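In this note's numbering, the protein residues as written are 64 to 261. Cβ coordinates follow ideal geometry from the N, Cα and C atoms, glycine included. No experiment lies behind these values; they were computed from the predicted model shown.
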Amino acid sequence: MKTIKRSLLLLCFSLVFAGLQANNGTPADPPHDDHGHKYRSQDRGFEFFVSEVFDYNFSFKIGGGSFYSIANISSNRVWPWRYNRSSPQWALGLGVGSKGRLLGIPVRTEVSVNHINEEEFIDLQINAYSQARFMVDIPIGCGGISLGPTYNLHVSEIEDPDTGVLTGSGFLPDWQNSESNDDLGIFHWAGFTIGVVF
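Next comes the structure, spelled out in structure tokens:
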């Protein structure tokens, strides 16, 4: 229960920060991107990144000014030793984010919630994965490199068929902490991600 409360607090903080960042621009002083160009009414962006959770992650981002929405698709298949199940893992998710500057450095905060399909191609079990990211952007040409720490929360009803123990998804890192009850496994951990944006 403590984990859920901490996660909700982190989510609320991220949304408040995103809202504050979204209100930074005014009609007389419209926000600019990292290259000094004025934002269009609807900015679009893409990001490919890797993390300790999924090998392949693709995000589509759209929004105006500093605030944007996120659609994610992720997959695990290239490194078979990264997970303990033979079936593929893939996820779809939605999120929100904001971008601004911290000490003159371009930064982003993002929060996303994803549903993991694991034991079947479309798996309707409770198997959710949420991630809060604080990213530093390094602009390169019309794109850039992004990297930063993450806080991850995984809630799942997947269990070991032999023992009945709630094990969660197969991607869980060794350093995760768990607080399971009779019905759901709750796992959380700190992580890291790096990717390219354009």
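Run through DSSP, which three-state label would residue i get?
i: residue 133; result: strand
i: residue 249; result: strand
i: residue 223; result: coil
i: residue 185; result: coil
i: residue 204; result: coil
i: residue 243; result: coil
i: residue 113; result: strand
i: residue 259; result: strand
Below 8 Å on the Cβ atoms is my guess for residue i versus residue j; work out the distance and round it to an integer in Å.
i: residue 109; j: residue 122; result: 7 Å
i: residue 190; j: residue 221; result: 6 Å
i: residue 158; j: residue 136; result: With 8 Å as the limit, residue 158 and residue 136 do not qualify as a contact, their Cβ atoms being about 12 Å apart.
i: residue 232; j: residue 181; result: 6 Å
On the DSSP bridge assignment, give the partners of residue i in chain order.
i: residue 172; result: 161, 197
i: residue 236; result: Answer by DSSP bridge pairing: none, since residue 236 is not bridged.
i: residue 106; result: 126
i: residue 213; result: 196, 254
i: residue 167; result: DSSP lists no partner for residue 167.
i: residue 228; result: Partner(s): none; residue 228 has no beta bridge.
By Cβ distance, which residues of its chain are closer than 6 Å to residue i, with the 5 residues on each side in sequence left out?
i: residue 263; result: Any question about residue 263 goes unanswered here, given that the chain covers just 64 to 261.
i: residue 194; result: 175, 213, 215
i: residue 116; result: 234
i: residue 107; result: 125
i: residue 200; result: 169, 207, 209
Excluding sequence positions up to five away, which residues of its chain have a Cβ less than 8 Å from the Cβ of residue i?
i: residue 258; result: 110, 111, 112, 113, 120, 208, 209, 210
i: residue 228; result: 222
i: residue 247; result: 189, 218, 219, 220, 229
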